[in-house]
Amino acid sequence: MPFNRKPQKFNAAIKSVVIGSGDKTVTLGGENVLPFYAFDGEIKNGPKVGVEITDLGMEGEPESVKAYYEGAATMGEIAKKAAAMEGADFLCLRLAGGDPNGLNKSVEELIETVKEVADAVDVPLVVEGCKNVEKDSELLTKVAEVLQGRNVLVMSAREEDYKAVGAAAGLAYNQKVGAESAVDINLAKQLNVVMTQLGVSADSIVMNVGSAAVGYGYEYVVSTLDRIKAAALSQDDKMLQMPIITPIASETWNVKEAMATEEESPEWGNQEVRGVSMEIQTAAASLASGSDAVILKHPQSVATISKMIQELM
Numbered sequence: 099m100p101f102n103r104k105p106q107k108f109n110a111a112i113k114s115v116v117i118g119s120g121d122k123t124v125t126l127g128g129e130n131v132l133p134f135y136a137f138d139g140e141i142k143n144g145p146k147v148g149v150e151i152t153d154l155g156m157e158g159e160p161e162s163v164k165a166y167y168e169g170a171a172t173m174g175e176i177a178k179k180a181a182a183m184e185g186a187d188f189l190c191l192r193l194a195g196g197d198p199n200g201l202n203k204s205v206e207e208l209i210e211t212v213k214e215v216a217d218a219v220d221v222p223l224v225v226e227g228c229k230n231v232e233k234d235s236e237l238l239t240k241v242a243e244v245l246q247g248r249n250v251l252v253m254s255a256r257e258e259d260y261k262a263v264g265a266a267a268g269l270a271y272n273q274k275v276g277a278e279s280a281v282d283i284n285l286a287k288q289l290n291v292v293m294t295q296l297g298v299s300a301d302s303i304v305m306n307v308g309s310a311a312v313g314y315g316y317e318y319v320v321s322t323l324d325r326i327k328a329a330a331l332s333q334d335d336k337m338l339q340m341p342i343i344t345p346i347a348s349e350t351w352n353v354k355e356a357m358a359t360e361e362e363s364p365e366w367g368n369q370e371v372r373g374v375s376m377e378i379q380t381a382a383a384s385l386a387s388g389s390d391a392v393i394l395k396h397p398q399s400v401a402t403i404s405k406m407i408q409e410l411m
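The number in the working numbering is simply the position in the sequence shown, starting from 1, with 98 added.
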């Protein structure tokens with residue numbers, strides 16, 4: 099007998115969040131079907147792909163990534179090449195040099211880098227801090243101020259600093275706010291609740307619910323993404339209906355499978371192939387589980403994931 103497929107339709111939907119300004123904007127979220135279920139309903143805004151650069155320039159980057167940026171001597175030039183990468187929808191600047199346990203760059207120095215990058219490109223911007231709560235509270239507040247009018251996504255507001263980051267980005271300077279939690283649906287929801295209680299509009303919040311490289315406890319990331327998306331759509335949980343962005347590059351290029359040279363681990367084969375494979379697999383799994391955007395690094399990864407999205411829409 100013939101199989102009659104019954105579309106799974108939801109009355110609820112993920113909120114649409116626009117980042118960028120002028121003619122260069124992207125919309126995250128807006129879907130009311132499960133990831134890539136275009137056969138169940140129209141997906142107006144497909145998942146987006148961002149390219150990560152850091153204030154450290156090419157320092158510490160894989161040789162294969164450095165090759166793409168050959169000839170780019172300043173942060174502005176690096177930003178332009180990143181924005182022009184095939185398949186890129188937006189640019190993510192990670193201010194890694196601000197870490198007090200690392201280079202401990204001053205807020206003033208980092209802000210100059212932010213300005214240089216912002217002046218060099220007109221694509222939508224995501225700016226991520228250094229992962230130190232105390233430093234980020236001051237740094238991201240200044241980022242939101244100097245980029246006023248660019249409608250950027252400021253990452254990340256965490257449980258410890260959401261008042262400072264949320265008040266500056268989401269209230270004072272009318273930016274979008276990234277709400278970062280540690281791979282837990284309850285923590286993600288609670289952070290959204292307190293952010294909205296602070297006065298930040300739910301339409302200005304993008305969730306970063308955490309990630310890991312595939313093979314590194316990644317099944318828990320998948321289950322968290324699945325549960326958030328299911329609760330948002332099937333249970334109409336309005337505090338989980340914000341779009342999700344997942345930083346992939348900083349996770350996948352820092353594990354041994356991507357970092358070990360061919361001299362150190364000849365049995366593992368080509369280092370570039372390993373790193374790209376790690377990045378692509380992690381990004382594909384994140385998107386299939388509910389992410390509305392991923393942040394990548396390698397040109398081949400960006401092009402591949404962008405093509406995958408187009409072919410599945």
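Idealized CB from N, CA, C, for every residue including glycine. Predicted, not measured: the structure shown is a model, and the values here were computed from it.
L385 and V392 do touch by the CB rule: their CB atoms are close to 6 Å apart, below 8 Å.
For the pair R192 and E243, the CB atoms are not nearer than the 8 Å cut-off. Excluding the 5 residues flanking it on each side, S332 has same chain C-beta neighbours closer than 7 Å at F108, in chain order. The beta-carbon separation of I346 and D390, rounded to 13 Å, does not stay under the 8 Å limit for a contact. Rounded to the nearest angstrom, the Cβ distance from V231 to V281 is 18 Å, too far for a contact under 8 Å.
The C-beta distance from G139 to P105 rounds to 7 Å, short enough to fall under 8 Å. Sequence-distant Cβ neighbours of E210 in its own chain, meaning closer than 8 Å and more than five residues away, do not exist here. Take the alpha-carbon of V124 and the one of L201: they are about 33 Å apart. The DSSP-derived three-state label of M173 is helix. Cβ atoms of V275 and V291 stay farther apart than 8 Å, at about 14 Å.
Under the DSSP assignment, K107 falls outside any alpha helix (DSSP H); it carries neither an H nor an E label.
Counting only the Cα atoms, F134 lies some 13 Å from S404. Comparing alpha-carbon positions, the option among M293, E161, T152, L410 lying closest to A265 turns out to be M293. A310 sits close to E349, with the two beta carbons spaced by under 8 Å.
The alpha-carbon separation between G227 and M253 amounts to approximately 7 Å. If you look at N306, you'll find it in the beta strand (DSSP E) that goes 303 to 306. Residue burial is scored here from C-beta neighbours: P145 has at least 16 other C-beta atoms within 10 angstroms and is therefore classed as buried.
Beta-bridge partners of R192 (DSSP): T152, E226. With a 10 Å radius around the Cβ and a threshold of 16 neighbouring Cβ atoms, D259 comes out buried. Secondary structure note for K395: it is in no alpha helix (DSSP H), with a DSSP letter that is neither H nor E.
Burial check for E360: the Cβ neighbour count within 10 Å stays below 16, so the residue is exposed. If you compare the alpha carbons of R325, D334, Q339, K327 with that of D301, the shortest gap goes to Q339. In this structure K179 touches Y166 by the C-beta definition: roughly 7 Å separates them, less than 8 Å. Around the beta carbon of T172, fewer than 16 other beta carbons lie within 10 angstroms, which makes this residue exposed. C-alpha of E161 to C-alpha of A218: approximately 24 Å in a straight line. T402 sits in a helix when the DSSP states are folded into three classes.
A194 sits away from D234, with the two beta carbons spaced by 8 Å or more. Only exposed fits Q408, as fewer than 16 other CB atoms lie within 10 angstroms of its CB. Ranked by Cα distance from L189, the options V212, S204, E168, D197 are led by V212.
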